[in-house]
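Novice:
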Amino acid sequence: MRRWRNRPDTGTREGVPVSPVTAPEGRAPGPGTATTARTIRPTRPARRVRRALTALVVTVAVVAGTAGWAAGSGQVPVTGPPPGSAAWVGDTSLGRALPDPASATPRQVAAFFRTLTPTQQRALAHRHPAVVGNLDGAPLALRYEANETALRHDARFAHLAGRGRQILAFDPRGRGQVAEVYGDLARSRRVAVVVPGSDIDAGTYDRPTDPDGTPAGMAKRLRAATRGTAVIAWAGYTTPVGVGLDAATGGLAEAGAPRLVRFADGLAALGVPTPAVFCHSYGSVVCGLAAPRLNARDLVVLGSPGVRAGNVAELRTGARVWAAKDPSDWISDVPNVQFLGLGHGTDPAAPEFGARPVPAADAHGHTGYFAPGTESLRAFAAIAQGDVR
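Going left to right, the sequence shown walks through residues 1 to 389 as full-length UniProt numbering numbers them.
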């Protein structure tokens with residue numbers, strides 16, 4: 001694997017040319033007055049502020065010109081326990097308290113379900129499908145069953161039900177969130193999780209018009225390129241819509257990061273192998289914020305606007321960190337800044353960040369990293385399978 005070359009610096013040095021120095025108002029210049037142009041340099045803090053503000057203006061202009069400006073509407077993130085939690089907590093059918101989705105850890109949830117008979121488990125899933133289907137730490141097959149029930153009763157997302165699909169999470173609140181498993185998660189020795197970026201929800205998560213740019217499509221491509229790796233498409237957070245403040249700030253990522261951490265903890269509580277996590281576009285911001293607590297073997301960011309860290313060390317993760325960026329990806333033209341909450345910081349694909357480089361020269365654009373036959377997909381498959389050191 002090779003490292004990307006740094007782009008040449010096309011900026012100008014700081015310094016403001018000013019007019020020749022003149023004598024005080026109303027007097028002619030004296031013989032000792034300098035009349036050649038000189039440069040007055042701003043103070044260092046002023047230079048930093050001006051540089052950051054300039055970069056932010058350029059960021060907006062570049063994104064508008066390359067991605068196609070779409071005034072992104074502000075999104076309210078889905079947070080807290082799953083819908084129906086109040087009824088679940090009030091259920092006394094077992095003669096004992098059920099684990100509170102708002103406070104019980106995935107390990108506590110897993111321990112609770114191990115004390116139940118299969119009949120008791122299915123009864124809970126039948127009465128509370130929205131809770132059991134999203135309860136990290138609950139048995140995998142039980143979650144699949146619960147989410148199948150929930151989807152069949154939701155007209156908006158009924159298309160996700162049936163056909164042998166393994167829906168590991170489904171939350172109808174807001175624009176809808178979903179996670180789907182490809183492969184045998186209970187038996188696979190290798191696992192990968194795909195975290196998507198903007199404009200993804202339960203309605204767009206598997207749209208056929210963009211198979212390489214949706215989490216479902218990415219997961220299917222990765223699954224097909226590996227030898228039996230189970231791949232999870234995780235659209236489990238509220239993503240930005242369009243290019244706007246939500247995409248340029250970290251608010252939605254800050255809400256999504258704990259959800260990703262808890263999801264991964266739920267896998268660990270069931271003995272699922274530690275996954276390689278692939279984070280696309282704004283999804284890499286989520287992964288960057290989750291990194292210190294995320295149960296991951298490898299962290300792979302692709303088409304990233306930044307991960308809110310200046311280098312690998314600042315991620316504070318024990319996972320191996322990889323980065324891929326195709327030269328034709330429009331996100332390469334967005335300045336990597338972070339100032340007053342805007343922007344996401346250093347380019348993870350830059351050599352100075354310290355991530356392991358992933359070849360992606362033939363990925364073609366922002367959503368081509370998982371396209372069949374590309375170097376990037378072959379590299380992703382090797383990482384997912386643990387074939388690289």
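A virtual CB, placed ideally from N, CA and C, is assigned to each residue, including glycine.
Using only the heavy atoms of the ligand SAH, determine whether one of them is closer than 7 Å to the beta carbon of Thr92.
Specialist: Among the components of this structure there are no ligands whatsoever, and the ligand SAH is therefore not found.
Novice: Would you kindly report the start and end of the unbroken beta strand (DSSP E) that includes Glu180?
Specialist: Taken as a continuous stretch (DSSP letters only), the beta strand (DSSP E) holding Glu180 covers 177–182.
Novice: Could you spell out the range, first to last residue, of the beta strand (DSSP E) harbouring Gln166?
Specialist: Note, Gln166: beta strand (DSSP E), 166–171.
Novice: Tell whether a beta-carbon distance below 8 Å holds between Ala130 and Gly84.
Specialist: It is a contact, given that the beta carbons lie within the stated cut-off.
Novice: Considering only DSSP beta bridges, list what His280 is partnered with.
Specialist: DSSP output for His280 lists Leu302 as bridge partner(s).
Novice: Go to Val241, then tell me how far its alpha helix (DSSP H) extends in each direction, as first and last residue.
Specialist: Here Val241 belongs to no alpha helix (DSSP H), and DSSP marks it neither H nor E.
Novice: Since Thr249 sits in a beta bridge, which residues does DSSP pair it with?
Specialist: Note: Thr249 sits in a beta bridge opposite Leu342.
Novice: Count the other CB atoms, across all protein chains shown, that sit within 10 Å of the CB of His344; report buried if there are 16 or more and exposed otherwise.
Specialist: The residue is buried, with at least 16 neighbouring Cβ atoms inside 10 Å.
Novice: By Cβ distance below 7 Å, which residues in the same chain neighbour Asp184 in space, the five residues on each side in sequence not counted?
Specialist: These residues qualify, in order along the chain: Ala230.
Novice: Would you list the residues sitting across from Trp322 in a DSSP beta bridge?
Specialist: Beta-bridge pairing links Trp322 to Val300, Arg356.
Novice: What is the DSSP secondary structure of Phe370, counted as helix, strand or coil?
Specialist: Of the three classes helix, strand and coil, the one that applies to Phe370 here is coil, per DSSP.
Novice: Could you tell me whether the Cβ atoms of Glu375 and Pro359 are closer together than 8 Å?
Specialist: Going by C-beta atoms, Glu375 is nearer than 8 Å to Pro359.
Novice: In terms of residues, what are the limits of the beta strand (DSSP E) holding Ile232?
Specialist: Per DSSP, Ile232 belongs to the beta strand (DSSP E) from 230–235.
Novice: For Arg262, which option in Pro81, Leu302, Phe370, Ala111 has the closest C-alpha, if you only look at C-alpha atoms?
Specialist: Measuring from the Cα of Arg262, the nearest candidate turns out to be Pro81.
Novice: For Glu76, count neighbouring Cβ atoms within 10 angstroms of its own Cβ and tell me buried if that reaches 16, exposed if not.
Specialist: It is Val, not Glu, that sits at residue 76 in the sequence shown. Per the 10 Å Cβ criterion, exposed.
Novice: Taking 7 Å as the limit between beta carbons, can you name the residues of its chain near Gly373, skipping five residues before and five after?
Specialist: Hits under 7 Å: none found.
Novice: Indicate the three-state DSSP secondary structure (helix, strand or coil) for Val89 in the structure shown.
Specialist: Correct three-state label for Val89: helix.
Novice: Are Asp326 and Ile383 close, meaning C-beta to C-beta below 8 Å?
Specialist: Cβ atoms of Asp326 and Ile383: not closer than 8 Å.
Novice: Below 8 Å on the Cβ atoms is my guess for Ala225 versus Leu116; work out the distance and round it to an integer in Å.
Specialist: About 38 Å separates the two Cβ atoms, so there is no contact after all.
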